[in-house]
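S.K.: In case it helps, the numbering used here puts the sequence shown at residues 27 to 254. The beta-carbon is built from N, C-alpha and C at its ideal position, and this holds for glycine as well. This is the structure I have questions about; it appears just below.
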Amino acid sequence: MDRLDEKALVGETAAIQYVKDGMTVGLGTGSTAYYVIKKMGEMIKEGMELKGVATSKATEKLAREYGIQLVDINEVEELDVAIDGADEIDANFFAIKGGGGALLREKIIASAAKTFVVVADGSKKVQSLGQFPLPVEVVPFGYKQTERAIRKLGCKTEMRFKDDKLYVTDNGNYIVDCSFPSIQNPSQLHETLNNIVGVVENGLFIHMVDVLISVDKQHEISVDIAKR
Ligand code: 5RP
Numbered sequence: 027m028d029r030l031d032e033k034a035l036v037g038e039t040a041a042i043q044y045v046k047d048g049m050t051v052g053l054g055t056g057s058t059a060y061y062v063i064k065k066m067g068e069m070i071k072e073g074m075e076l077k078g079v080a081t082s083k084a085t086e087k088l089a090r091e092y093g094i095q096l097v098d099i100n101e102v103e104e105l106d107v108a109i110d111g112a113d114e115i116d117a118n119f120f121a122i123k124g125g126g127g128a129l130l131r132e133k134i135i136a137s138a139a140k141t142f143v144v145v146a147d148g149s150k151k152v153q154s155l156g157q158f159p160l161p162v163e164v165v166p167f168g169y170k171q172t173e174r175a176i177r178k179l180g181c182k183t184e185m186r187f188k189d190d191k192l193y194v195t196d197n198g199n200y201i202v203d204c205s206f207p208s209i210q211n212p213s214q215l216h217e218t219l220n221n222i223v224g225v226v227e228n229g230l231f232i233h234m235v236d237v238l239i240s241v242d243k244q245h246e247i248s249v250d251i252a253k254r
């Protein structure tokens, strides 16, 4: 089983187990979330009524292609479930997200969901967070000052670029990718980063993941519920 098969397996399993007729679903961003959306498209064709709230413009486009009716996040009080990928996830179900640049909308949508499910291929489970550079969304004004302040926390920083230009998020902001030697205390780092002026949000998802659907080294699927 290769990575794509794993992504398909966890994505489809999440849709089958957690998406039910009549639900409004938070739709994640990325190559694993793609399989959730694709499966939801099939479920709609089979007669289910489903609505979606997208975590990015790319996901909005994808959802339309698969016939999922989109609703604005401001039009719903609560989402029944949100299903999204992750860049890293540890044994406490703390995660790094934002590899695809959608961390802010992903976090807003995960926070609005009754249940937040993460779908992860075999490469995503880690002993401790931080091998994957932590994405931090910052406002464009004074971004170099903000980047400098973040660097003082002891990480190497890189402004994210796309096509030789600074990468701009769906919210009109920039992303600083931060490489820490290791992230010993994710909760504290989350607080510290969000207290830096100019930082909009960071990619640490703390006490947010309710369910992790993942594949182990033997390619077995597991569905684990957060203990809290
Ligand atoms: C996008 C994300 C994605 O969920 C994360 O990057 C994982 O992506 P993929 O499923 O393609 O590996 O946080 O902002």
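To the nearest angstrom, report how far apart residue 161 and residue 93 are at their CA atoms.
M.R.: Along the sequence shown, read from residue 1 onward, the residue named residue 161 stands at position 135. Along the sequence shown, read from residue 1 onward, the residue named residue 93 stands at position 67. Rounded to whole angstroms, residue 161 to residue 93 spans 31 Å at the Cα level.
S.K.: How close, in whole Å, do the beta carbons of residue 86 and residue 129 come, if the pair is a contact with beta carbons under 8 Å?
M.R.: Residue mapping note: residue 86 aligns to position 60 of the sequence shown, counting from 1. Residue mapping note: residue 129 aligns to position 103 of the sequence shown, counting from 1. No, residue 86 and residue 129 are not in contact; Cβ-Cβ is about 17 Å, not under 8 Å.
S.K.: Please confirm whether any heavy atom of the ligand 5RP lies closer than 7 Å to the CB of residue 83.
M.R.: One-based indexing of the sequence shown puts residue 83 at position 57. No, the beta carbon of residue 83 sits no closer than 7 Å to any heavy atom of the ligand 5RP.
S.K.: When you compare only the Cα positions, how much space is there between residue 133 and residue 218?
M.R.: Taking the first residue of the sequence shown as position 1, residue 133 is located at position 107. Taking the first residue of the sequence shown as position 1, residue 218 is located at position 192. Cα to Cα, the separation comes out at about 17 Å.
S.K.: Looking at the ligand 5RP, does it come within less than 7 Å of residue 39, judged from the CB to the closest heavy atom?
M.R.: Within the sequence shown, numbered from 1, the residue matching residue 39 stands at position 13. Not so, every heavy atom of the ligand 5RP lies at least 7 Å from the Cβ.
S.K.: Please identify the residue among 119, 152 and 125 whose C-alpha is closest to the C-alpha of residue 238.
M.R.: Here residue 238 is taken as the residue at index 212 of the sequence shown, counted from 1. Cα-wise, what sits closest to residue 238 is 119.
S.K.: Could you name the residues whose beta carbon sits closer than 5 Å to any heavy atom belonging to the ligand 5RP, keeping them in chain order?
M.R.: My final list is 55, 56, 57, 58, 111, 113, 123, 124, 125, 126 and 128.
S.K.: In terms of alpha-carbon separation, which member of 43, 204 and 152 lies closest to residue 114?
M.R.: Taking the sequence shown and counting its residues from 1, one reaches residue 114 at position 88. Closest by alpha carbon: 152.
S.K.: Kindly list the residues whose CB is nearer than 8 Å to the CB of residue 107, restricted to its own chain and excluding five residues on each side of it in sequence; keep chain order.
M.R.: Taking the first residue of the sequence shown as 1, we reach residue 107 at position 81. The residues are 44, 45, 49, 51, 52, 139, 140, 141, 142 and 143.
S.K.: Pop quiz: residue 136 and residue 231 are said to be a contact at Cβ under 8 Å. What is the actual Cβ separation, rounded to whole angstroms?
M.R.: The residue you call residue 136 lines up with position 110 of the sequence shown. The residue you call residue 231 lines up with position 205 of the sequence shown. About 7 Å separates the two Cβ atoms, so the contact holds.
S.K.: How about residue 225 and residue 147: are their beta carbons less than 8 Å apart?
M.R.: Along the sequence shown, read from residue 1 onward, the residue named residue 225 stands at position 199. Along the sequence shown, read from residue 1 onward, the residue named residue 147 stands at position 121. Not closer than 8 Å, so no.
S.K.: Just to confirm, are residue 89 and residue 73 a CB contact at a threshold of 8 Å?
M.R.: Position 63 of the sequence shown, counted from the start, is the residue given in the question as residue 89. Position 47 of the sequence shown, counted from the start, is the residue given in the question as residue 73. No, the pair does not count as a contact, with Cβ atoms beyond the cut-off.
S.K.: My output table needs one value for residue 199: the three-state DSSP class, helix, strand or coil.
M.R.: The sequence position of residue 199 within the sequence shown is 173, counting from 1. Residue state, collapsed to three classes: coil.
S.K.: Rounding to the nearest angstrom, what Cα-Cα distance links residue 145 and residue 105 in this structure?
M.R.: In the sequence shown, residue 145 corresponds to position 119, counting from 1. In the sequence shown, residue 105 corresponds to position 79, counting from 1. Near 17 Å, if we compare the C-alpha coordinates of residue 105 and residue 145.
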